[in-house]
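**Q** Counting in this note's numbering, the final residue of the sequence shown is number 477, and the numbers go up one at a time with none missing.
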Amino acid sequence: MNKDAQMRATINQKLIETGERERLKELLRAKLIECGWKDQLKAHCKDVIKEKGLEHVTVDDLVAEITPKGRTLVPDSVKKELLQRIRTFLAQHASL
Numbered sequence: 382m383n384k385d386a387q388m389r390a391t392i393n394q395k396l397i398e399t400g401e402r403e404r405l406k407e408l409l410r411a412k413l414i415e416c417g418w419k420d421q422l423k424a425h426c427k428d429v430i431k432e433k434g435l436e437h438v439t440v441d442d443l444v445a446e447i448t449p450k451g452r453t454l455v456p457d458s459v460k461k462e463l464l465q466r467i468r469t470f471l472a473q474h475a476s477l
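1. Report the CB separation of Cys416 from Leu443 in whole angstroms; it is logged as a contact under 8 angstroms.
2. So, Ile333 versus Leu464, is the Cβ gap smaller than 8 angstroms?
3. Taking 8 angstroms as the cut-off, decide whether the C-beta atoms of Leu422 and Leu454 are in contact.
4. Provide the residue span of the alpha helix (DSSP H) that contains Glu407, from first to last.
5. Alpha carbon to alpha carbon, what distance is there between Lys419 and Leu396?
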């Protein structure tokens, strides 16, 4: 495991141990619902299913199709807020 991967694993472990990871996930969920992301992605799923036909779409196909769109639809403000919270967490736990 390279140094970067080790650091990520250490940070992730600390986020889990402190419960911060779960709080960040809940914040993300709430922000995505608030900004309409969930509804936009749901509409995109329906469009993909209509286009390909229900009998020709698997869950894996649908996930592969909507994942890139889902990532681009996340507002920059949500990404920035999450990043800021992670930076604050890291600053408070500088012994990582």
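Don't be surprised by glycine CBs; every beta carbon is placed ideally from N, CA and C.
**A** This is what the structure holds:
1. Reading the sequence shown from its first residue, position 35 is the one you call residue 416. Reading the sequence shown from its first residue, position 62 is the one you call residue 443. Contact doesn't hold; Cβ gap of about 22 angstroms is too wide.
2. The structure shown does not extend to residue 333, since the chain spans only 382 to 477, so no value can be given for it.
3. The sequence position of residue 422 within the sequence shown is 41, counting from 1. The sequence position of residue 454 within the sequence shown is 73, counting from 1. For Leu422 and Leu454, yes; Cβs fall inside 8 angstroms.
4. On the sequence shown, residue 407 is found 26 positions in, with the first residue counted as 1. Counting along the chain, Glu407 sits inside the alpha helix (DSSP H) bounded by residues Glu401 to Glu415.
5. Indexing the sequence shown from 1 puts residue 396 at position 15. Indexing the sequence shown from 1 puts residue 419 at position 38. Each residue's Cα considered, the two are about 25 angstroms apart.
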